[in-house]
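In the working numbering, the protein residues as written are 32 to 156. Don't be surprised by glycine CBs; every beta carbon is placed ideally from N, CA and C.
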C-alpha cells in the first residue's frame with residue numbers, strides 16, 4: 032500500500048507512444064512505446080463471462096478513480112488496454128469510458144473516474 036492506503040488497490044500500466052525510430056533493416060519508421068503507470072482505486076462489479084472454450088478466462092466489469100496522477104494523459108483513450116494488478120490479481124483492463132465531461136469548459140474533477148473490463152486469463156475464478 033502506498034500514500035493513498037487503503038484506497039490504492041490497483042495499478043494500471045499503459046504502453047503509450049513515445050517517439051519514432053528507423054528500423055535499420057527496412058528503413059521504416061517504428062513507434063517506440065513508453066510505460067505510463069497509474070495508481071487507482073478499482074471496484075470489481077461481477078463476472079459476466081466465464082469459461083470460454085479452450086481458455087480459462089473471466090471478464091469482470093469494473094469502475095474506478097485515479098489517485099496518482101489524478102487525471103489520464105492525452106495519450107490514453109477509450110479502447111486502450113493496460114496491464115493491471117487489482118487486489119494482487121494480475122490481468123488486463125480495457126478502458127470503456129473515461130468519465131468525460133461534455134462541457135469543454137468544465138473543470139476536471141480531482142480524481143478522474145473511468146470504467147472498463149478486467150480480464151484475467153489462467154487461474155481465474
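Nonlocal neighbours in the same chain, by C-beta distance under 8 Å from residue 103, ignoring five residues either side: Taking the first residue of the chain shown as 1, we reach residue 103 at position 72. Cβ within range, chain order: 69, 97, 129, 143 and 145.
Cβ-based burial, residue 40 [other Cβ within 10 Å; buried from 16]: The residue labelled residue 40 in the question sits at position 9 within the chain shown. With 16 or more other Cβ atoms within 10 Å, it is buried.
Alpha carbon of residue 36 to alpha carbon of residue 122, nearest angstrom: As a first step, residue 36 is located in the chain shown; it is residue number 5 there, counting from the start. As a first step, residue 122 is located in the chain shown; it is residue number 91 there, counting from the start. Whole-angstrom Cα-Cα distance: 22 Å.
CB contact flag (residue 91, residue 78, <7 Å): In the chain shown, the residue the question calls residue 91 occupies position 60. In the chain shown, the residue the question calls residue 78 occupies position 47. Yes, the pair counts as a contact, with Cβ atoms nearer than the cut-off.
DSSP beta-bridge partners of residue 42: Locating residue 42 in the chain shown gives position 11, counting from the first residue. Residue pairing from DSSP places residue 42 in a beta bridge opposite 70 and 116.
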